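A.B. asks: Residue 55 in full-length UniProt numbering is what sits at position 55 of the sequence shown, and the numbering runs on without skipping anything.
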Amino acid sequence: MHDSKVIGVLVDPDEITLADSAYQNQATPKGAELFTCLKNTRSKSLKADDKMFNKIISKIRVRIEHVFGFVENSMHGSSLRSIGFDRAVLNTDLTNLTYNLLRYEQVKRLNLKTWR
């Protein structure tokens, strides 16, 4: 099932949610803020403020998308074969832990700046 079908359950009304174009016309819980990148039209280009808004959203979203891409491509994350919810949760938790350890090693080895 696609996330857009259950977005009302997934979105917290007290937090800002960054989304892609698949969620633009989805019903959200009352009080929830759902932000997507703004689009150019053929006759009208984006203003400087709109471009800055898109840049801020894109910088955050690309980091998140890279996490999913790494898990999918390097760790075969989309294949989950287990019987029972508890095993599925354990598999997901171990995948997340493994990603975090690999990312930590990469940050230390390359002396990268962290987010904060």
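Ideal Cβ positions, reconstructed from N, Cα and C, are used throughout, including at glycine. Values in this document were obtained by computation on a predicted structure and should not be read as measured data.
Is it the case that the Cβ atoms of residue 70 and residue 18 are separated by a distance below 9 Å?
C.D. replies: Here the question's residue 70 lines up with position 70 in the sequence shown. Here the question's residue 18 lines up with position 18 in the sequence shown. No; because the gap between Cβ atoms is not below 9 Å, this pair is not in contact.
A.B. asks: If we count the other Cβ atoms within 10 Å of its Cβ and call it buried at 16 or more, is residue 83 buried or exposed?
C.D. replies: Residue numbering aside, residue 83 sits at position 83 when the sequence shown is read from its first letter. The residue in question, residue 83, is exposed, as its Cβ has fewer than 16 Cβ neighbours within 10 Å.
A.B. asks: Nearest to residue 96 by alpha carbon, out of 68, 85, 112?
C.D. replies: Within the sequence shown, the letter at position 96 stands for residue 96. Checked all of 68, 85, 112; the closest Cα to residue 96 is 68.
A.B. asks: In angstroms with no decimal places, state the Cα-to-Cα distance between residue 20 and residue 110.
C.D. replies: As a first step, residue 20 is located in the sequence shown; it is residue number 20 there, counting from the start. As a first step, residue 110 is located in the sequence shown; it is residue number 110 there, counting from the start. Cα to Cα, the separation comes out at about 30 Å.
A.B. asks: Considering Cα atoms alone, identify which of 14, 87, 106 is closest to residue 32.
C.D. replies: Indexing the sequence shown from 1 puts residue 32 at position 32. Selected option, being the one with the closest Cα: 14.
A.B. asks: Along the chain, where does the beta strand (DSSP E) that runs through residue 15 open and close?
C.D. replies: Here residue 15 refers to the residue found at position 15 when the sequence shown is read from its first residue. No beta strand (DSSP E) contains residue 15, which DSSP labels as neither H nor E.
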